[in-house]
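*Asks:* Sharing a structure, written as structure tokens. Questions coming.
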């Protein structure tokens, strides 16, 4: 993976730098998902490391995950990085035996007003086996979830899988006021529209997911983006939620042809 660093006060980016040390032997590094801990000034970069030669389809068909949940930290905006740390066992634990595969992001994590660090993720969960032994893809469904830390990233835990419609790659954002904040999850789905859900306990559990027909989705789905931010004092809605996402598979990069992108 690589990084680009902006100089303070200057809207310019430096050259991309390859993070060649953030690898596990015999694995490929995928799905980088960064987040920033404002309390310590630490950048945390999550990723998955997947055994070489084992695709997502291979894992789903066999019901056996070849992915590891890993992270590295940087105290100086990405100039120096800690060794890659495998947190699969502490974050997923025994549930890994029922996950055909999983991934974080791709996209970014968030820090909530409470200080909790949250990383969006999804897992293909094996709901049943033929004769209680043989794992079949027809029993496997994708579910969004989050990994979270309440101690500045020293330890990590997982929230419950999102129930309801199948939910894949997702992004999360904190919305609502200080008295009753909610964690909003917007997930990739099939059927022509996005799937959304909310959590009142900072991601430990989410409501049953529902389709949001106002937010279109390409036929096979795609990674979307949501960001919440404060607006000027006195505005009726104290926080706004920005959603951006491709809506057409034939998207042009040309600035004069911006069709296929939705901003809401």
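Numbering (this note's numbering), first residue to last: -10 to 253.
Every residue gets a Cβ at the ideal spot worked out from N, C-alpha and C, and that includes glycine.
Along the beta strand (DSSP E) that carries residue 202, what are the first and last residues, could you check?
*Replies:* Here residue 202 corresponds to residue number 213 of the chain shown, with the count starting at 1. Counting along the chain, the beta strand (DSSP E) containing residue 202 begins and ends at 199 to 205.
*Asks:* Please tell me whether residue 169 and residue 104 are closer than 8 Å, where the distance is taken between their beta carbons.
*Replies:* Indexing the chain shown from 1 puts residue 169 at position 180. Indexing the chain shown from 1 puts residue 104 at position 115. For residue 169 and residue 104, no; Cβs fall outside 8 Å.
*Asks:* Whole angstroms are fine: how far does the CA of residue 23 sit from the CA of residue 2?
*Replies:* On the chain shown, position 13 is the one that residue 2 refers to. On the chain shown, position 34 is the one that residue 23 refers to. Using only the alpha carbons, I get a separation of about 17 Å.
*Asks:* Along the chain, where does the alpha helix (DSSP H) that runs through residue 162 open and close?
*Replies:* Along the chain shown, read from residue 1 onward, the residue named residue 162 stands at position 173. First-last for residue 162: 159 to 164, but that is the beta strand (DSSP E), not the alpha helix (DSSP H).
*Asks:* Do residue 185 and residue 199 have their C-beta atoms within less than 8 Å of each other?
*Replies:* Here residue 185 corresponds to residue number 196 of the chain shown, with the count starting at 1. Here residue 199 corresponds to residue number 210 of the chain shown, with the count starting at 1. Yes, they are a contact pair.
*Asks:* Tell me residue 59's beta-bridge partners as DSSP assigns them.
*Replies:* For the purposes of this step, residue 59 is taken as residue 70 along the chain shown, with counting starting at 1. Looking at the DSSP assignment, residue 59 forms a beta bridge with 36, 75.
*Asks:* Output the distance between the C-alpha atoms of residue 13 and residue 97, rounded to the nearest integer angstrom.
*Replies:* Here residue 13 refers to the residue found at position 24 when the chain shown is read from its first residue. Here residue 97 refers to the residue found at position 108 when the chain shown is read from its first residue. Each residue's alpha carbon lies about 21 Å from the other.
*Asks:* Pull the bridge partners of residue 91 from the DSSP assignment, please.
*Replies:* Along the chain shown, read from residue 1 onward, the residue named residue 91 stands at position 102. For residue 91, which the question treats as bridged, DSSP gives the partners 112.
*Asks:* Quick one: using the 10 Å Cβ neighbour count with 16 as the cut-off for buried, is residue 160 buried or exposed?
*Replies:* Taking the first residue of the chain shown as 1, we reach residue 160 at position 171. Flag for residue 160 reads buried.
*Asks:* Taking just the CA atoms, how far does residue 101 sit from residue 36?
*Replies:* Locating residue 36 in the chain shown gives position 47, counting from the first residue. Locating residue 101 in the chain shown gives position 112, counting from the first residue. Distance between the alpha carbons of residue 36 and residue 101: 20 Å.
*Asks:* Which of the three DSSP states is assigned to residue 194 in this structure?
*Replies:* Here residue 194 refers to the residue found at position 205 when the chain shown is read from its first residue. If DSSP states are grouped into helix, strand and coil, residue 194 belongs with coil.
*Asks:* Tell me, please, which residues DSSP counts as bridged to residue 214.
*Replies:* Translated into positions along the chain shown, residue 214 becomes position 225. Per DSSP, 233.
*Asks:* Could you say if the segment 61 to 73 and the segment 134 to 141 meet the contact criterion of at least three C-beta pairs nearer than 8 Å?
*Replies:* No, the segment 61 to 73 does not touch the segment 134 to 141.
*Asks:* Run through DSSP, which three-state label would residue 152 get?
*Replies:* By one-based count along the chain shown, residue 152 stands at place 163. Coil, per DSSP.
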